[in-house]
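Remarks on the structure that follows.
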Amino acid sequence: MRMHKKSHLEERLAACAELLTVADLTDKNMLTAAEKKDYLRVEEIFGNTNPVRVEIGCGKGKFVCETAKNHPEINFIAVEKISNVLIEACERAKEEGLKNVYFLNCAAEVLLKYFNPSSVEMIYLNFSNPLPKEGYKKQRLTHPRFLEIYRSLLRSGGRIIQKTDDRDFYLFSLESYASSGFKIIDKREDLKNNPAKDDVETEHERLFKERGKNIYRIVTEV
Ligand SMILES: C[S@@+](CC[C@H](N)C(=O)[O-])C[C@H]1O[C@@H](n2cnc3c(N)ncnc32)[C@H](O)[C@@H]1O
Numbered sequence: 080m081r082m083h084k085k086s087h088l089e090e091r092l093a094a095c096a097e098l099l100t101v102a103d104l105t106d107k108n109m110l111t112a113a114e115k116k117d118y119l120r121v122e123e124i125f126g127n128t129n130p131v132r133v134e135i136g137c138g139k140g141k142f143v144c145e146t147a148k149n150h151p152e153i154n155f156i157a158v159e160k161i162s163n164v165l166i167e168a169c170e171r172a173k174e175e176g177l178k179n180v181y182f183l184n185c186a187a188e189v190l191l192k193y194f195n196p197s198s199v200e201m202i203y204l205n206f207s208n209p210l211p212k213e214g215y216k217k218q219r220l221t222h223p224r225f226l227e228i229y230r231s232l233l234r235s236g237g238r239i240i241q242k243t244d245d246r247d248f249y250l251f252s253l254e255s256y257a258s259s260g261f262k263i264i265d266k267r268e269d270l271k272n273n274p275a276k277d278d279v280e281t282e283h284e285r286l287f288k289e290r291g292k293n294i295y296r297i298v299t300e301v
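Note that our numbering has the sequence shown beginning at 80, numbered continuously upward.
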């Protein structure tokens, strides 16, 4: 059944067209792709001027859909580079009739193509791949090169909330925020026993908790 559904990916994406933008993948060079602006018309998409929050690497969308349900006064844009995964998030939001969630199928590297500068109040990074090998350091979503992108998206006083199960990635991220001039507002090293208000569990978080892993959380501000 799953394979059958996945083999109809194009049809499924087309059925979710009203809540999804698929990146233009003709330009393989992320830097030049990001320069060709194609800003999302956020006010048209949502039909209001509510604040915008962005989740990067949303996976199957549990976090963004539940958070959006809890906050109808906020608009959420969930970004995911793998369309096979993103489609499940889109279908979930559609089924639940959520009007304040929209999806963007692109890589974090090209976000500046799609968002007006200073237009986002919060960015969520939930269980981004820790990529422990030194050679992949620059691909980590909290590497300073990504923080510069996030800084451009975020309005003054905007925040990033990050969760991870990986201690080394947590420590790397703290250092990265500090060296990029972000202010650490809150950090927790055991979210299970020290829960944060208004937090929603993600798919990966549930798995990691079941395996007895610690969950780390950082709130940082530009
Ligand atoms: C480990 S999963 C976590 C999924 C979800 N946030 C959760 O907590 O259950 C990381 C997700 O980030 C996506 N991802 C990784 N690098 C990305 C990038 N550069 N741009 C956009 N998405 C990315 C992956 O495709 C994957 O779905």
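All C-beta atoms, glycine included, are put in the ideal place defined by N, C-alpha and C.
- Beyond the five residues adjoining it in sequence on each side, S231 comes within less than 7 Å, by CB distance, of L191, P196 in the same chain, given in chain order.
- In this chain, the beta strand (DSSP E) harbouring R234 covers 233-243.
- For V101 against L92, the beta-carbon gap comes to about 7 Å, under 8 Å, which counts as contact.
- Contact check for E167 against K139 passes: the beta carbons are separated by less than 8 Å.
- Close CB contacts of T299 within its chain, under the 7 Å cut and outside five residues either way in sequence, are with R238, I239, Y256, F261, K262, I263, I264 (chain order).
- For Y203, the pairing in a beta bridge is given by DSSP as E134, I240.
- For N184, the enclosing beta strand (DSSP E) starts and ends at 180-184.
- Put simply, the stretch 287-299 touches the stretch 242-253. At least three CB pairs are less than 8 Å apart.
- Between I124 and the set E254, L183, E159, K107, the nearest pair of CA atoms involves L183.
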